[in-house]
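Q: One structure is given below, represented as structure tokens, and several questions about it will come after.
Number of protein chains: 2
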Amino acid sequence: MAAKGTTEDLTTRLLAGDRRALARAISLVEDNDPAGWELVKAIYPRTGNARVVGLTGAPGAGKSTLISAMTKAERARGNTIGVLSIDPSSPFTHGALLGDRIRLTEHFLDPGVFIRSMANRGALGGLAEAALQAALLIDAAGRDIVLLETVGVGQAEVDVINHADTVVLVLIPGSGDSIQALKAGIMEIPDVIVVNKADHPLTETMVREVRAVLALGPREGWVPPIVKTEAVHDKGIDELIEKLDEHRAYIEAEGTLVERRKRNLRSEVLAIATGRLRRDLEDRIEATPEFADLLEQVSQRKIDPASAASQILEDL
Amino acid sequence: MAAKGTTEDLTTRLLAGDRRALARAISLVEDNDPAGWELVKAIYPRTGNARVVGLTGAPGAGKSTLISAMTKAERARGNTIGVLSIDPSSPFTHGALLGDRIRLTEHFLDPGVFIRSMANRGALGGLAEAALQAALLIDAAGRDIVLLETVGVGQAEVDVINHADTVVLVLIPGSGDSIQALKAGIMEIPDVIVVNKADHPLTETMVREVRAVLALGPREGWVPPIVKTEAVHDKGIDELIEKLDEHRAYIEAEGTLVERRKRNLRSEVLAIATGRLRRDLEDRIEATPEFADLLEQVSQRKIDPASAASQILEDL
């Protein structure tokens, strides 16, 4: 754990926008170090200023290339950027996604760009919690825009993406899974839809399909625009930025931003509390020999899972 | 709630294999009726005999058609079947997936086939819990094989599919999202991989890609076979059934089945306990005006989410 003096110093430097202090603070949060939580507590009143944009889509859709292109465009407008990638790591293809990250290297030397990957290490709930705290730290460090990147599969990613002010779904032509998920209502309707790699012959088919799905949705309020991009050639990026600005202006004018943030913060509090309860429960089960017996009886089909759960909750 | 006498009668009829009793029992579980939990408790010692096969894959991969073809083949071998579809329902495309279900209608008149869809109604944790209880009910009703169908997106689906003895991933050629998810390690390596709609020109490309991903995995133990099917023409189904049998024989011989079920039941107990804690927490937050104040202060950036969560947990 960091000493108190160090934490105070870190807080001061982070609020001044120091990149190394920010990196250190995120590591503390990621390591579940109490000093990390103290830091977030200290800087929290200084958050809420950054525009948080979440990008989701299947692996291979080109999200990192898109983020790189967006970063370039936003830097040209004078905005500072923080990129947070929620990076699921595989037990046996460790580093498989590293290739994507390489596309961001052109920004490594720009002090106006902060890039961080957070890997899924064990508990999913833990990752979502840590990522949201990290987003608050980036916000407090004075970044104008926070870009959250997730692969959009798994509850942790969904939890994280729901905390963005604007959610962008990135699709590629010829890949039907995401659009099917959208159609089936598994995925919430995003605020902006990007069809990336738009030089693909099936681009217009994809755009038509997306439009058909959206036509089934509500007729009032914000209608998600479909933006065609070729991120690798910086094509369509200006239009994307324009649509993000429009969405921002819309949610500010309608009061939706305030409502959305209120709902998100409420669910964040609940998620943190539930996560702690669950870890506490697991620790106690681990530490109590009677519970091992109980679980063995479940295995032997003597006590059903729900009754065993009731008994554990009563005993605690 | 059902009266006690009714529950006992229902238990007897369910254990005798009565389809209507089974349908009623699942409804009780789905409605979170205490009589449903009582029923599961009563029948639990009679579970563990069915072979539970989980099928996962993106919407549109043809899972329902595949299940229909597998059902036909298994019925020809004299096995009785229970199909449980975890069916995410969309807020605005309600019934979009109904088309898939229609493929199962040819089995509606066969008493040896029981088919049930469970929709995602609100709480995800609740759906996974209910689905697992329903699977136990089908098992106790004496079905030889339980086929669990999920779309493989979202935590609830993942929770459910992990409870199968054998997990089948259904892919279609030309659709890269699932294979990318597999590659990135977001999805656990399934036991059997089906490339459905294998008349597609990109079939061999897909098979090669899958093989390349599997080559990165462990070299020992079960090597997931890749089966090409055209479910709509009953092609490849015999080979699929054969591979499922082989996997079954393998996990029985290696003791993996017992280990897997033990692990699954342990996580089911934990999931039920955690789900109850979470709902209890939400109810209490709802019922306590001080907590509404606290959440408002989080919105106003006066108290950070983690501190608010701590305070709620302390106060309870």
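Chains as they are written, first to last, in the numbering used here: chain Z, 1 to 316; chain X, 1001 to 1316.
We treat Cβ as the ideally placed atom computed from N, Cα and C, and that holds for glycine.
By DSSP, does Phe-291 (chain Z) sit in helix, in strand, or in coil?
A: Counting from one through the first sequence, the residue named residue 291 (chain Z) turns up at place 291. Three-state result, Phe-291 (chain Z): helix.
Q: Can you find the residues in the same chain that come closer than 7 Å, C-beta to C-beta, to Glu-1129 (chain X), ignoring five residues on each side of it along the sequence?
A: Numbered from 1 along the second sequence, position 129 holds the residue referred to as residue 1129 (chain X). Closer than 7 Å at Cβ, skipping near neighbours: Ala-1271, Ile-1272 and Gly-1275.
Q: Determine the contact status of Ile-1172 (chain X) and Gly-1060 (chain X), defining contact as a CB-CB distance below 9 Å.
A: Within the second sequence, numbered from 1, the residue matching residue 1172 (chain X) stands at position 172. Within the second sequence, numbered from 1, the residue matching residue 1060 (chain X) stands at position 60. Cβ atoms of Ile-1172 (chain X) and Gly-1060 (chain X): closer than 9 Å.
Q: As a quick exercise: from Z:Leu-216, Z:Leu-39 and Z:Ala-198, pick the residue whose alpha carbon is nearest that of Val-227 (chain Z).
A: Locating residue 227 (chain Z) in the first sequence gives position 227, counting from the first residue. Of the listed residues, the one whose Cα sits closest to Val-227 (chain Z) is Z:Ala-198.
Q: Just how far apart, CA to CA, sit Ser-175 (chain Z) and Arg-208 (chain Z)?
A: Against the first sequence, residue 175 (chain Z) aligns to sequence position 175. Against the first sequence, residue 208 (chain Z) aligns to sequence position 208. Near 14 Å, if we compare the C-alpha coordinates of Arg-208 (chain Z) and Ser-175 (chain Z).
Q: Taking Cβ positions only, does Lys-197 (chain Z) come closer than 9 Å to chain X?
A: Along the first sequence, read from residue 1 onward, the residue named residue 197 (chain Z) stands at position 197. So, not an interface residue.
Q: Among residues of its own chain, excluding the 5 on either side of Ile-1303 (chain X), which ones have a beta-carbon nearer than 6 Å to its beta-carbon?
A: Here residue 1303 (chain X) corresponds to residue number 303 of the second sequence, with the count starting at 1. These residues qualify, in order along the chain: Gln-1297.
Q: Is it right to say Asp-317 (chain Z) is buried, meaning 16 or more other beta carbons lie within 10 angstroms of its own, or is it exposed?
A: What the structure shows of chain Z is the stretch from 1 to 316, and residue 317 (chain Z) is not part of that stretch, so it cannot be assessed.
Q: Does Leu-316 (chain Z) come out as helix, strand or coil in the three-state DSSP assignment?
A: As a working mapping, residue 316 (chain Z) is identified with position 316 in the first sequence. If DSSP states are grouped into helix, strand and coil, Leu-316 (chain Z) belongs with coil.
Q: Against Lys-1302 (chain X), what residues of chain Z qualify as contacts under a CB-to-CB distance less than 9 Å, listed in chain order?
A: Here residue 1302 (chain X) refers to the residue found at position 302 when the second sequence is read from its first residue. Simply Tyr-44 and Pro-45.
Q: Could you check where the beta strand (DSSP E) with Ile-1303 (chain X) kicks off and where it finishes?
A: Along the second sequence, read from residue 1 onward, the residue named residue 1303 (chain X) stands at position 303. Segment: none, Ile-1303 (chain X) is in no beta strand (DSSP E) and carries neither H nor E.
Q: Let's see if you can read the secondary structure: which residues bound the beta strand (DSSP E) around Ile-115 (chain Z)?
A: Sequence index remark: in the first sequence, residue 115 (chain Z) carries index 115 (1-based). Run containing Ile-115 (chain Z): 113-119, per the beta strand (DSSP E) assignment.
Q: Using a Cβ cut-off of 8 Å, pull out every chain X residue sitting near Leu-261 (chain Z), in sequence order please.
A: To locate residue 261 (chain Z), count along the first sequence from 1; it is residue 261. Correcting the residue type first, residue 261 (chain Z) is Arg in the shown sequence and not Leu. Those within 8 Å of Arg-261 (chain Z) in chain X are Ser-1299.
Q: What are the boundary residues of the beta strand (DSSP E) that includes Lys-1228 (chain X)?
A: On the second sequence, residue 1228 (chain X) is found 228 positions in, with the first residue counted as 1. Segment 1226-1228, the beta strand (DSSP E) holding Lys-1228 (chain X).
Q: Using DSSP's beta-bridge definition, name the partner residues of Val-232 (chain Z).
A: Here the question's residue 232 (chain Z) lines up with position 232 in the first sequence. Paired residue(s): none; Val-232 (chain Z) is not in a bridge.
Q: Looking only at C-alpha atoms, which of Z:Gly-54, Z:Pro-289, Z:Pro-45 and Z:Arg-19 sits nearest to Thr-80 (chain Z)?
A: Working through the first sequence from its first residue, we reach residue 80 (chain Z) at position 80. Minimum Cα distance to Thr-80 (chain Z) is reached at Z:Arg-19.
Q: Closer than 9 Å, Cβ to Cβ, to anything on chain X: give me those residues from the region 221-233 of chain Z, in chain order.
A: Result list empty, no residue passes.
Q: What separation, rounded to the nearest whole angstrom, lies between the Cα atoms of Leu-1316 (chain X) and Phe-1291 (chain X)?
A: For the purposes of this step, residue 1316 (chain X) is identified with residue 316 of the second sequence, where counting begins at 1. For the purposes of this step, residue 1291 (chain X) is identified with residue 291 of the second sequence, where counting begins at 1. Taking the straight line joining both Cα atoms gives about 11 Å.
Q: For the pair the region 242-257 of chain Z and the region 1233-1253 of chain X, tell me if three or more CB-CB distances fall below 8 Å.
A: Contact between the region 242-257 of chain Z and the region 1233-1253 of chain X is absent, because fewer than three Cβ pairs lie under 8 Å.
Q: Thinking C-alpha only, which one of X:Asp-1191, X:Ser-1027 and X:Val-1160 is nearest Val-1170 (chain X)?
A: Here the question's residue 1170 (chain X) lines up with position 170 in the second sequence. Considering only alpha carbons, the answer is X:Asp-1191.
Q: According to DSSP, Val-1146 (chain X) sits in a beta bridge with which residue or residues?
A: Translated into the one-based positions of the second sequence, residue 1146 (chain X) becomes position 146. Note: Val-1146 (chain X) sits in a beta bridge opposite X:Val-1052 and X:Gly-1082.
Q: According to DSSP, is Leu-109 (chain Z) helix, strand or coil?
A: Here residue 109 (chain Z) refers to the residue found at position 109 when the first sequence is read from its first residue. Of the three classes helix, strand and coil, the one that applies to Leu-109 (chain Z) here is coil, per DSSP.
Q: So for Ile-1193 (chain X), helix, strand or coil by DSSP?
A: Indexing the second sequence from 1 puts residue 1193 (chain X) at position 193. DSSP places Ile-1193 (chain X) in strand when its eight states are reduced to three.
Q: According to DSSP, simplified to helix, strand and coil, what is Leu-169 (chain Z)?
A: As a working note, residue 169 (chain Z) is residue 169 in the first sequence. The answer is strand: DSSP assigns Leu-169 (chain Z) an E or B state.
Q: Looking at chain X, is there any beta carbon in it that lies within less than 9 Å of the beta carbon of Val-269 (chain Z)?
A: Locating residue 269 (chain Z) in the first sequence gives position 269, counting from the first residue. Chain X, which has a Cβ nearer than 9 Å to the Cβ of Val-269 (chain Z), makes this yes.
Q: Quick check: the Cα distance between Pro-305 (chain Z) and Glu-38 (chain Z), rounded to an integer number of angstroms?
A: Taking the first sequence and counting its residues from 1, the one referred to as residue 305 (chain Z) is at position 305. Taking the first sequence and counting its residues from 1, the one referred to as residue 38 (chain Z) is at position 38. If I take the Cα positions, the gap works out to 38 Å.
Q: From Leu-214 (chain Z) to Pro-224 (chain Z), what distance separates their C-alpha atoms?
A: Within the first sequence, residue 214 (chain Z) is the residue found at index 214, counting from 1. Within the first sequence, residue 224 (chain Z) is the residue found at index 224, counting from 1. Each residue's alpha carbon lies about 8 Å from the other.
Q: Below 8 Å, can you find three or more Cβ-Cβ pairs linking the region 127-142 of chain Z to the region 20-40 of chain Z?
A: Yes, they touch.
Q: Considering Cα atoms alone, identify which of Z:His-200, Z:Val-269 and Z:Ala-309 is closest to Leu-132 (chain Z).
A: On the first sequence, residue 132 (chain Z) is found 132 positions in, with the first residue counted as 1. Checked all of Z:His-200, Z:Val-269 and Z:Ala-309; the closest Cα to Leu-132 (chain Z) is Z:Val-269.
Q: Out of Z:Glu-74, Z:Asp-293, Z:Leu-10 and Z:Gly-48, which has the shortest C-alpha to C-alpha gap to Lys-262 (chain Z)?
A: Position 262 of the first sequence, counted from the first residue, corresponds to residue 262 (chain Z). Out of Z:Glu-74, Z:Asp-293, Z:Leu-10 and Z:Gly-48, Z:Gly-48 has the C-alpha closest to the C-alpha of Lys-262 (chain Z).
Q: Using a beta-carbon distance below 9 Å, is Ala-306 (chain Z) in contact with chain X?
A: Position 306 of the first sequence, counted from the start, is the residue given in the question as residue 306 (chain Z). Output row for Ala-306 (chain Z): interface = yes.
Q: When you check each C-beta in the region 1203-1222 of chain X against every C-beta of chain Z, which residues fall closer than 9 Å?
A: Those would be Val-1213, Leu-1216, Gly-1217 and Pro-1218, in chain order.
Q: Taking the straight line between their C-alpha atoms, what separation do you get for Ala-42 (chain Z) and Ala-141 (chain Z)?
A: Indexing the first sequence from 1 puts residue 42 (chain Z) at position 42. Indexing the first sequence from 1 puts residue 141 (chain Z) at position 141. Their Cα atoms are separated by approximately 12 Å.
Q: What residues of chain Z sit near Lys-1041 (chain X), judged by a beta carbon separation below 8 Å?
A: Here residue 1041 (chain X) corresponds to residue number 41 of the second sequence, with the count starting at 1. Asp-304, Ala-306 and Ser-307, listed in chain order.
Q: Check the C-beta distance from Ile-1229 (chain X) over to Leu-1216 (chain X) and give it rounded, since I have them as a contact under 8 Å.
A: The sequence position of residue 1229 (chain X) within the second sequence is 229, counting from 1. The sequence position of residue 1216 (chain X) within the second sequence is 216, counting from 1. The identity of residue 1229 (chain X) in the sequence shown is Thr, whereas the question assumes Ile. Not really, about 24 Å apart at Cβ, beyond 8 Å.
Q: Tell me the rounded alpha-carbon separation between Gly-112 (chain Z) and Ala-76 (chain Z).
A: The residue labelled residue 112 (chain Z) in the question sits at position 112 within the first sequence. The residue labelled residue 76 (chain Z) in the question sits at position 76 within the first sequence. Roughly 11 Å between the two C-alpha positions.
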